[in-house]
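In this text, residue positions in the sequence shown follow full-length UniProt numbering: the first is 1, and each later residue adds one. Just so you know, even glycine gets a beta-carbon here, dropped at the ideal spot from N, CA and C. Every value quoted in this text rests on a predicted model; they were computed, and no experiment measured them.
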Amino acid sequence: MFSVTLLRTQRCWSVHSHPFVRKALMGCCPLTQGSAAVGSGADLLLLGTPKEARDSRLALTRRSVSVNARCLSRFSPVSSGSAAMRTEATSQRELESPMAENNTPKSAKKLRWTSLEIGLITIVSLLFIVLVALIVLFATQRHDGVCTSADCTQSASRLIENMDSSVDPCDNFYQYACGGWLKRNIIPETSSRHSTFDILRDELEVVLKGVLERQDSSESSALTKAKTLYKSCTNESIIEKRGGTPLLAMLPDILEWPVAVDNWEDNYGQSWTAEDSIARLNEKYGKQFDQPLLGLPSRDYYTCTKPYEEACSSYSQFMTNVALLIRTDRGLSVNKTRIEEDVETVMQMEKEIANATDTPEDRNNPVLLYNKMQLRVLSENFTLQIDSKEFNWTRFTNNIMRTVNITVNDDEQVIVYAPNYFLRLNTVLAKYSARDVQNYLVWRYVMNLVVGLSRAYKDTRKAFRKMNEMIAEIREVFVNNLDELDWMDAETRKAAEEKARAIRERIGYSENIKDDAYLDKEYKDLSYNEEQYFENILKNLEFSQKKRLRKLRQKPPFFSRGQSKSLNYGGIGMVIGHEITHGFDDNGENIADNGGIRQSYQAYQNYISKHGEEAPLPGIDLNHQQLFFLNFAQVWCGTHRPEHAVNSIKTDVHSPGKFRVLGSLQNFPEFAKAFNCRRDSYMVPEQTCRVW
């Protein structure tokens, strides 16, 4: 870089610059032709010290009589040949005589710019314009004006597209935030609901599909195995060609499905024990002898009365059809009456098992859920009689653990998660035969295979880094809010603060997910066949179960999760606050929603105090306090069929998205302040609730 200073004298510009400039400009200054131009005081660009300038003027005057002006090569007196010599004396007198200057014709004093002057001024002007543009752009994207970056314009477009600005936000904020989304999105024919989460899932699946179908000769062996598994899943022609053969080959390994085979009592019944059957399912395919998941969505469905009558009928028919297919593939006779009798017995048993299970509320109680005892005590206190045989807990446990070369004895410490369930279960199982129990066990296994498995995987390293920042801020807000809770004593408040600060972030995926060497080692024992999708599923189940069994004596890490900033505080930030609240109160999702929105909002206010206000978004007349709530609401935009709504109310611990938005904001006064809601507005109820 260099600086140039222009000093105007009576008839010339004097330039003082870096020597590099003088050297660069030497030899490239065209002279005005004719003596009149110079003699009349034309303004010329002269470089150097005052003495150099004087000498240069003399040299230029000597050369002015030359018809063909030549480029200046030195800033010192220069001879221009005989013509210059003949005019030397005259030129010297003109330069030294004040009268010569004073008598210069007026017209000759007209300002003339050389090419060099014009060039320099042009460059300086352009640099000035660029500098001003950069300053304006920087200010626009920061604080003084509307943010016009790509991220800001896309965010504004999404918010405007999803909202319905014709609705008063104080009357129905959910409709205000999601009205546009609801008009544009319809429920697909193959789905019972459609929401922003479904759209994100579909987009993620497209990304995963691209990763799994991309060819890369240098990829890790673990990724190659994943692609092989994917190819086996999408190879529908092979799957169709194989029919039910893979399932038929697998059933004998788990002591068969009585309804789908002849003479089960003769071939298996005499030697059958519940310990062996359940252990085989557990050791290879992930079945756990805990309070089970049910075939129907919840225990309420097993009343099989309206509105659940159709669900029960469909469930029974599903079981019947699978049994019919297996018998047909095996070439066995089909006695539909016998099959329906077996299915009815399984339905009745499953109904009684469902009624024996603990309620979701009881399962949330750690005192009821976590019961540590010796295996001997388990056997003494929880006796099970199945087909007139006593269930041997030690034998059962060793049958499972032998797959990972672990042996246990009666002194082994175990955790019983559902003691009350096991007490009630004994009464249920005493009513049924070995055939009935085996029919139920294998059906629940076969049903899961028919449904299939899902796979999901996130690769957002950039979002991962941002999430850590937000988690820390929301956690600090939670700790600060503890002082405002008058229902919590000092000792409890201190314990809560210690727990909050002990939270560790586990977001999206493990750090090892991009470590090829680690993944290759982790999955070295797995191998897949592109033409054997069913067997690949079984390998996955067996691999996962063995991995869990090896860790039974290890204590799991304590972890929490969460994410990001700005609009994200209203979106995923609320979810982080929700989950942090769950760490201290798991009695209800609505309470956690209330705590989550409060903590995330206050964390955003703390962010503003540190970093300043954010620039407004283009095209949307809302400040960032209002945008926080708008983005929070749009996370929960969605619609559903009436049948799904009924099912959701009975099975989902969360409220529907619409009421998660309305309830949380009605209980949070800062929302009403942000939108200047009147006290008689729907969004400003007379009574509000705050726990956290």
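Requested in this report: Using three-state DSSP, classify Q599 as helix, strand or coil.
Outcome: Reduced to three states, the DSSP call for Q599 is helix.
Query - Spatial neighbours of M319 in its chain, beta-carbon cut-off 7 angstroms, leaving aside the 5 residues before and after - result: Counting only Cβ-Cβ distances below 7 angstroms, and skipping sequence neighbours, we find V343, V346 and W443.
Requested in this report: On a CA-only basis, which of Y533, F628 and P656 is nearest S155? Give me that one, please.
Outcome: For the residues Y533, F628 and P656, the minimum Cα distance to S155 belongs to F628.
Query raised in the report: Since V343 is in the alpha helix (DSSP H), which residue starts that stretch and which ends it?
Result: Start and end: K336 to A356.
Query raised in the report: What residue does the alpha helix (DSSP H) around S379 start on, and which one ends it?
Result: Start and end: L375 to N381.
Query raised in the report: Start and end of the beta strand (DSSP E) containing T639?
Result: G638 to H640 is the span of the beta strand (DSSP E), which, as asked, contains T639.
Query - Residues sharing a beta bridge with V414, DSSP - result: V414 is bridged to M373.
Query raised in the report: E189: which of L662, H640, S664 and G663 sits nearest, CA to CA?
Result: The shortest Cα separation from E189 among L662, H640, S664 and G663 belongs to H640.
**Report entry** beta strand (DSSP E) segments (min. 3 residues) lying fully within the stretch 211-245
**Finding:** The stretch 211-245 contains no whole beta strand (DSSP E) run of 3 or more residues.
Query raised in the report: If you draw a straight line from the alpha carbon of V211 to that of F659, how long is it in whole angstroms?
Result: Approximately 37 angstroms between the Cα atoms of the pair.
Query - Three-way DSSP call (helix, strand, coil) for K673 in this model - result: Taken through DSSP and simplified to helix, strand or coil, K673 comes out as helix.
Requested in this report: Report the rounded CA-to-CA distance for L60 versus P618, giving the unit in angstroms.
Outcome: In this prediction, L60 scores a pLDDT of 41, lower than 50, which makes its location untrustworthy; the coordinate-derived value is nonetheless stated afterwards. When rounded, the distance between both Cα atoms is 60 angstroms.
Query raised in the report: Exposed or buried, which one is L425 when buried takes at least 16 other CB atoms within 10 Å?
Result: The C-beta of L425 has 16 or more other C-beta atoms within 10 Å across all chains shown, which makes the residue buried.
Query raised in the report: Leaving out five residues before and five after R678 in sequence, what residues of the same chain have Cβ atoms less than 8 angstroms from its Cβ?
Result: Hits under 8 angstroms: C170 and V684.
Query - Residues near D358 by beta carbon distance below 8 angstroms, same chain, minus five either side - result: Answer for D358: Q291, L368, A418, N420 and Y421, listed in chain order.
Report task. Taking S664 as part of the beta strand (DSSP E), name the residues at either end of that continuous run. Result -> It is not in any beta strand (DSSP E) - S664 instead sits in the alpha helix (DSSP H) that spans G657 to Q666.
Requested in this report: Below 8 angstroms on the Cβ atoms is my guess for L429 versus A354; work out the distance and round it to an integer in Å.
Outcome: With a contact defined as Cβ atoms closer than 8 angstroms, L429 and A354 miss out at about 14 angstroms.
**Report entry** Nearest-angstrom Cα separation, counted from H194 out to V164
**Finding:** Here the sequence assigns Asp to residue 164, which means Val is not the residue at that position. Approximately 19 angstroms between the Cα atoms of the pair.
Query raised in the report: For F632 versus G570, is the C-beta spacing smaller than 8 angstroms?
Result: Contact flag set, yes.
Query raised in the report: What's the C-alpha gap between T688 and N667?
Result: Taking the Cα positions, T688 is about 5 angstroms away from N667.
Query raised in the report: What are the start and end residues of the alpha helix (DSSP H) that includes R193?
Result: Careful: R193 lies outside any alpha helix (DSSP H), inside the beta strand (DSSP E) at R193 to S195.
Requested in this report: Give the DSSP bridge partners of I386, in chain order.
Outcome: According to DSSP, which records beta bridges pairwise, I386 is partnered with K389.
Query raised in the report: Run through DSSP, which three-state label would D151 get?
Result: DSSP places D151 in helix when its eight states are reduced to three.
Query raised in the report: Any idea if S232 is buried or exposed, counting beta-carbon neighbours within 10 angstroms, 16 or more meaning buried?
Result: Label assigned to S232: buried.
Query raised in the report: Using 8 angstroms as the threshold, is the stretch 374-392 in touch with the stretch 325-332, meaning 3 or more CB pairs across them?
Result: Contact between the stretch 374-392 and the stretch 325-332 is not established, with fewer than three Cβ pairs separated by less than 8 angstroms.
**Report entry** Assigned exposure category for N536 - 16 Cβ within 10 Å defines buried
**Finding:** Flag for N536 reads buried.
Query raised in the report: Just how far apart, CA to CA, sit I339 and I238?
Result: If you take the alpha carbons of I339 and I238, they lie about 30 angstroms apart.
Query raised in the report: Taking 7 angstroms as the cut-off, does the CB of P188 come closer than this to any heavy atom belonging to the ligand MG?
Result: This structure lacks the ligand MG; in fact it carries no ligand of any kind.
Requested in this report: Return the CA-CA distance between I597 and W264, expressed in angstroms with no decimal places.
Outcome: Cα to Cα, I597 sits roughly 58 angstroms from W264.
**Report entry** Under the three-state DSSP convention, the category A541 falls into
**Finding:** According to the sequence provided, residue 541 is Leu. The question's Ala does not apply to it. Assigned with DSSP and collapsed to three states, L541 falls in helix.
Query raised in the report: Would you call K227 buried or exposed, if buried means 16 or more other Cβ atoms sit within 10 Å of its Cβ?
Result: Per the 10 Å Cβ criterion, buried.
Query raised in the report: Can you give the beta carbon distance from residue 701 to Y302, rounded, assuming they're within the 8 angstroms contact cut?
Result: Nothing can be reported for residue 701, as the shown portion of the chain is limited to 1 through 692.
Query raised in the report: What is the DSSP secondary structure of Q687, counted as helix, strand or coil?
Result: It is coil, neither helix nor strand.
Query raised in the report: Quick one: what's got a C-beta closer than 6 angstroms to F396's C-beta in the same chain, skipping five residues either side?
Result: Same-chain partners within the cutoff: E275 and A279.
Query raised in the report: Would residue 711 be called buried (16 or more neighbouring beta carbons within 10 Å of its own) or exposed?
Result: In the structure displayed, the chain extends from 1 to 692; residue 711 sits before or after that span and is not available.
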